[in-house]
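Notes follow the structure.
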Amino acid sequence: MSALADTVADTAAWQDRYTGSVMNTFGVPQLVLARGEGSKVYDVEGREFLDLLGGIAVNALGHGHPALVAAVTRQVSELAHVSNFFATAPQVELASKLVELFGHDARVFFSNSGTEANEAALKVTRRTGRTKVVAMEHAFHGRTLGALSLTAKEAYRAPFEPLGGEVVWVPFGDVEALAAAVDENTAAVVLEPVQGEAGVNLAARDYLLKVREITTAAGALMWLDEIQTGIGRTGSWFAFQDSDLFDGDVVPDLVTLAKGLGGGVPIGATIAAGPAATLLVPGNHGTTFGGNPLATAAAGAVIATIESEGLLAHVKQVSKVLADGLAADARVTEVRAAGLLIGLDLVDGLDSAKVMQAALAAGYIVNAPTPSRIRLAPPLVLTTDEAEQFLADWPSVLDAAAGA
């Protein structure tokens, strides 16, 4: 990895323009990126970075993948948008493919993002005639007001309260607490199979089976938010199907997708199974852009490429390389890996924000979701050589962070 250039003039100029013209909802960006290739991105000054965050688990095929470029180029030259008064072949083909991957009778609603996918699912739950939803502590489901009502983080919620709906919170992975919270008034239980925003939290292998038993007994819907974990991120099409993570053949009533589905082209999807698939009827919900031919063609290309390049198995292989390598440093106290969604805990006194900065200075983009945790969600096409290069530099990154 090349050393950073000793000039920031162009970056600083872009940052000045950013702060003068863009709402300050994310702070000042540290980099101004110009292009990408595979798992690498380059900023406006030509500096190279290995992207171990993948646009927060979005860039499944990395940057500039020929299959995605070809699909989007072809589709935009034919039809980019037609409204939902009409259907298009890419939309119908993608819906059919998602139902096939889901593996059970289901229907799909397309939107533009993860938070919108969750908004649609939340409206499905209201059509049960019940309004209570049980959600998990440390969960993240989005920032629109409905999805935010399910999101646990106080800093996201507090400025906009009161939020709508009756939401009860229970600890993630605690079966007894869940059983006590779910009753005949519960419309749904919503959870991420693996909590990403919280720093990659994993539950017991039988947790989803228990959730299914509890929701079925109460007549409540089981809703899995797979916005971050779906479409190959864990090495399976859906995390709930991943035998390395969970036992049993669980069939949820609702699954929400986004992030990796479009490989960078905005799209969300809400999959509803069995009776839940018919709860929304004409007039109940809609979207102008959701499911347009451009986004669905992109998503179709992402899925086809994951299949043709064998990326599900590849994700498992590279995950093990990264997890074993990261755990080898004594300053990492725990590594939690669900395919290429990896969280690690740092030893007391080592600040994750400083690690993130040190990694960036060394040419690596990582994420610090909490003061003591680092999250990796690289493109599924990350090579073993790239992973090993990062691991070779990882001790010096921690050295730099400790001395900062």
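Just so we're aligned, residue 1 is where the sequence shown starts under UniProt numbering, counting upward by one.
Yeah, the Cβ is synthetic: ideal placement off N, Cα and C, and Gly gets one too.
None of the values given here were measured: they were computed from a predicted structure.
Counted within 10 angstroms of its Cβ, other Cβ atoms place residue i as buried (16 or more) or exposed
i, result
"P378", "buried"
"F85", "exposed"
"N59", "buried"
"residue 418", "No answer is possible for residue 418: the residues shown for the chain start at 1 and end at 404."
"P266", "buried"
"T7", "The pLDDT assigned to T7 is 47, lower than 50, so where the model puts this residue is not dependable, and the model offers no usable value."
"S236", "buried"
"E37", "exposed"
"N24", "exposed"
"T215", "buried"
"D16", "exposed"
"Q75", "buried"
"A330", "exposed"
"T88", "buried"
Residues near residue i in its chain [Cβ-Cβ closer than 7 Å; skip 5 each side]
i, result
"residue 410", "Coverage of the chain is limited to positions 1 through 404, which leaves residue 410 absent and any answer about it impossible."
"A338", "V194, V200, L202, T229, T234, A239 and L245"
Residues near residue i in its chain [Cβ-Cβ closer than 6 Å; skip 5 each side]
i, result
"L33", "V41 and D43"
"T370", "G199"
"G325", "L391"
"F102", "I271"
"G20", "none"
"F109", "A120 and T270"
CB contact flag (residue i, residue j, <8 Å)
i, j, result
"V189", "V167", "no"
"E226", "T256", "yes"
"G268", "S372", "no"
"G196", "I306", "no"
"A135", "A152", "yes"
"E137", "P171", "yes"
"D345", "E334", "yes"
"V124", "A272", "yes"
"G300", "L94", "yes"
"G114", "A218", "no"
"V251", "K210", "no"
"V302", "G262", "yes"
"P90", "T270", "no"
"A404", "A358", "yes"
"L221", "A276", "yes"
"L224", "L191", "yes"
"D253", "G286", "no"
Where the alpha helix (DSSP H) through residue i begins and ends
i, result
"R74", "P66 to E78"
"D356", "It should be pointed out that residue 356 corresponds to Met in this sequence rather than to Asp. Element bounds for M356: S352 to A361."
"G403", "T384 to G403"
"G165", "Counting along the chain, G165 falls outside any alpha helix (DSSP H), and DSSP gives it neither H nor E."
"P90", "A89 to F102"
Terminal residues of the beta strand (DSSP E) in which residue i lies
i, result
"L245", "Here L245 belongs to no beta strand (DSSP E), and DSSP marks it neither H nor E."
"S111", "A106 to S111"
"A338", "V332 to A338"
"A272", "G268 to A273"
Own chain residues within Cβ distance below 8 Å of residue i, not counting five before or after
i, result
"R205", "L245, F246 and D247"
"A362", "M1, D393, S396, V397 and A400"
"W14", "V32 and V44"
"A71", "A297, A298, G300 and A301"
"M356", "V366, N367, A368 and I374"
"residue 406", "Because the chain here runs from 1 to 404, residue 406 falls outside it and cannot be looked at."
Proximity test, residue i beta-carbon vs the ligand ZN heavy atom, cut-off 7 Å
i, result
"V170", "This structure lacks the ligand ZN; in fact it carries no ligand of any kind."
Cutoff 8 Å: residue i Cβ touching any chain D Cβ
i, result
"T215", "In the displayed structure, chain D is absent; only one protein chain is listed."
Inset, instruction - For the region 114–134 and the region 175–187, state whether three or more C-beta atom pairs, one from each stretch, are separated by less than 8 Å. - result: Under the Cβ criterion (8 Å, minimum of three pairs), the region 114–134 counts as touching the region 175–187.
Inset, instruction - Report yes or no: do the region 281–298 and the region 70–83 share at least 3 C-beta pairs separated by less than 8 Å? - result: These segments touch.
Legend entry - Given 8 Å, three or more beta-carbon pairs between the region 49–57 and the region 9–29: Counting Cβ pairs under 8 Å, fewer than three are found: no touch.
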